[in-house]
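Heads up: the structure comes next, in structure tokens.
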Amino acid sequence: MPLTPADIRDKKFHTVRLRPGYNEDDVDALLDRIEATLIALDGGPRNGELLTADAVREARFRTTRFSPGYREDEVDAFLDRVIAELAGRGLGRAAPSGPPPLPPRPVPTPEPAPAPRATTASEPAVPGMSAEAVRNKQFTITRLTTGYNEDEVDDFLDHAEFTLTMLTGGRPDRATLTARDVERVQFATTRARPGYDPEQVDLFLDALAEELRRYEGESEQ
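Okay, structure coming up:
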């Protein structure tokens, strides 16, 4: 099906926090231009020069590592659809001609499921969330709907990762979070700029609180 302005406006990408990603502002700015182009092609008002397939293909984004960024493979795959759409509407070529094409983008290899942990007297009887799972957690980004402030969520996840590291290492005295802390935490919301999907964050916090309650129950026995 052809892409519509709403498809561009409502597009969401997952974010990465500890590996390279595309700068969100750079990607969002290009999406705004793509949306404006599709609006004009559909008979709506024209704001500025129409974007061509070649312009999208040649777009470059800054990369991030220590701040949230969009997953590169998701952005690249979506822009391939945009290039095909614009080319199909007469705005450039669907694929470059002349020089040999670039090699295909590597497909990320799914990470193997973690092996079950051996339980000990100091660990919960049921294997649960790990510090690594918290560190690698990703949430969908919202662009035009209410979201949670990314910096606040990321900072809280850092505390959660440290707490689980201490608990699994047999050092509950150094844990900085309790299940009650997780249940009561509140984050600032965003609307005019990207934020984490609140529903996804809330579900993850429910699982985190349940995991901490397991450790707290063990310590009371």
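Note that our numbering numbers the sequence shown so that position 125 is 427, with each residue one more than the last.
Beta carbons are placed, not taken as given, at the ideal position from N, Cα and C, and that holds for glycine.
Every value quoted in this text rests on a predicted model; they were computed, and no experiment measured them.
Rounded Cβ spacing between E337 and R311 (contact assumed at less than 8 Å):
6 Å
By how many angstroms is the C-alpha of E513 removed from the C-alpha of A490?
24 Å
Taking buried to mean at least 16 other C-beta atoms within 10 Å of its own C-beta, is E501 buried or exposed?
exposed
When burial is assigned at 16 or more other CB atoms within 10 Å of the CB, is G519 buried or exposed?
exposed
Buried versus exposed call for T478 [16 or more other C-beta atoms within 10 Å across all chains shown]
exposed
Exposed or buried, which one is T448 when buried takes at least 16 other CB atoms within 10 Å?
exposed
What does DSSP give as the partner residues of I443 in its beta bridges?
Y498
Taking only three categories from DSSP, how would you classify V358?
helix
Starting from A331, trace the alpha helix (DSSP H) in both directions and tell me its first and last residue.
326-343
According to the neighbour-count rule (16 or more other Cβ atoms, all chains shown, within 10 Å of its Cβ), is G497 buried or exposed?
buried
In chain order, what residues of the same chain lie with their CB nearer than 8 Å to the CB of V487, ignoring the 5 residues before and after it?
F458, L507
Those residues which DSSP pairs with Y517 across a bridge:
Y517 is not bridged to any residue.
With DSSP run on the structure shown, which of helix, strand or coil describes T467?
helix
Helix, strand or coil at G392 [DSSP, three-state]:
coil
For T441, count neighbouring Cβ atoms within 10 angstroms of its own Cβ and tell me buried if that reaches 16, exposed if not.
Note on identity: in this sequence residue 441 is Phe, with Thr being the wrong assignment. Looking at its Cβ environment, which holds 16 or more other Cβ atoms inside 10 Å, F441 is buried.
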